[in-house]
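Trainee: If you scroll down you'll find the structure; I have some questions about it.
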Amino acid sequence: MNETAINRRIVAFDIRPQKLGHVILEGPSRLIDYGVARFRESDRQVNRVEYLIATFRPSIAVLLRVEKGSWRDRAALRTMMRSVRRRIRTLGTAIVQFRAGEVKRVLRVPPRGTKELSARLVVEHLPELTWQLPPHRRLWQPEHWRMPIFDAAALALAYFILEMDQNVSDEGRSD
Amino acid sequence: MNTRKEELLPNYLRQHRKKTGFSQREVGILLGYADEGQVLRHERFQSLPPFVIAIAYEVIFREPVSGLFPGIRNRTEQEIARRIEALKESLEQQSGKSRQALLTARKLEWIAMRNGSK
């Protein structure tokens, strides 16, 4: 990987059937934008993706690859992911997808580590998000509404960490 | 991977506003607007703020205007460089014996100094 890839502007989406979390990074540490939005209609979610890509013109969109048989694997989400991917490709942005396990491995979250732990690791890289960190979740409480921001941020960071590792190994090979 | 060519964003106002935690409406009020409409348009790159408002953004976020609007700065720099080059060519074509020769020489010297100090 070269210098440009490290400074690349990317968008990461955490897509849920009725929610969309996003993070836009320019390089691994410049946080351009983030947010979470709730939707009742899937069309609006796709429109939001289109708006973010058209406005910030990222070169890469990072998404979570939903594995077959996982708890996330639902018909509604599959349909949504398909339409989002189609829209992103129409806009000329490349798509990179990671499995949930891959993101945990790259961020060094233990396999049974919680999203809360993952969010804490995210804010170590992106301290601007510290004040957005959700409070500790009790077992009986639902997930905090801001959590999709951290899931999207974890995806974006995983992309840059993998790119940087690739860079280091490329340099090692060229010696 | 086939990726789109990277361009600087026209401005980074949203990034700086989000750091502060202020809403668009609150920044709008700080800038002297009645509501968030103008801030929203600036952040979406739909309109350019007037000079005084650009300075006000600098004062609010404590970031130089060129840092808040790097895309516009870059584009302006390229345009100016192109115009300076055109002006230099026209100056070089002027006669060295005219009454303005000394002035022309000074201008060319300044352009050379400016290009050298880049």
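Going down the list, the sequences are from chains V and R. Numbering of the first sequence is given in the numbering used here, commencing with residue 1 and proceeding in unit increments. Numbering of the second sequence is given in the numbering used here, commencing with residue 1001 and proceeding in unit increments. Glycine residues also receive a C-beta, built at the ideal position from the N, C-alpha and C atoms. Just so it is clear, the structure is predicted and the values come from calculations on it, not from any experiment.
Can you check whether the CB of Met80/V is closer than 9 angstroms to the CB of Pro17/V?
Mentor: In this structure, Met80/V lies closer than 9 angstroms to Pro17/V by Cβ.
Trainee: Quick one: Cα of Arg1106/R to Cα of Ala1081/R, how far?
Mentor: Roughly 18 angstroms separates the two Cα atoms.
Trainee: Leu64/V bridges to which residues according to DSSP?
Mentor: Bridge partners of Leu64/V: Phe98/V.
Trainee: What three-state label does DSSP hand Glu26/V in the structure shown?
Mentor: Strand, per DSSP.
Trainee: For the beta strand (DSSP E) holding Val11/V, just list the boundary residues, first then last.
Mentor: Start and end: Arg9 to Ile15.
Trainee: On the DSSP letters alone, give me the boundaries of the alpha helix (DSSP H) that Gln1024/R sits inside.
Mentor: Residues Gln1024 to Leu1031.
Trainee: Would Glu1007/R count as contacting chain V if we go by Cβ distances under 9 angstroms?
Mentor: Yes, because at least one Cβ of chain V sits closer than 9 angstroms to the Cβ of Glu1007/R.
Trainee: With a threshold of 6 angstroms on Cβ separation, who are the neighbours of Lys19/V within its own chain once the five nearest residues in sequence on each side are excluded?
Mentor: Answer for Lys19/V: Arg38 and Pro148, listed in chain order.
Trainee: How would you write the range of the alpha helix (DSSP H) that Thr55/V sits in, first residue to last?
Mentor: Segment Ser42 to Phe56, the alpha helix (DSSP H) holding Thr55/V.
Trainee: Which bits of chain R does Trp131/V rub up against, with CB to CB less than 8 angstroms?
Mentor: By Cβ distance, chain R contributes Gly1021.
Trainee: Between the region 1031 to 1048 of chain R and the region 1012 to 1022 of chain R, are three or more C-beta pairs nearer than 8 angstroms?
Mentor: Enough Cβ pairs lie closer than 8 angstroms, so yes.
Trainee: Around the Cβ of Ser1023/R, are there at least 16 other Cβ atoms within 10 angstroms (buried) or fewer (exposed)?
Mentor: So Ser1023/R ends up on the exposed side.
Trainee: Within the region 95 to 165 of chain V, note down every full alpha helix (DSSP H) run reaching 4 residues or more, in order along the chain.
Mentor: You should have 100 to 106 and 115 to 125.
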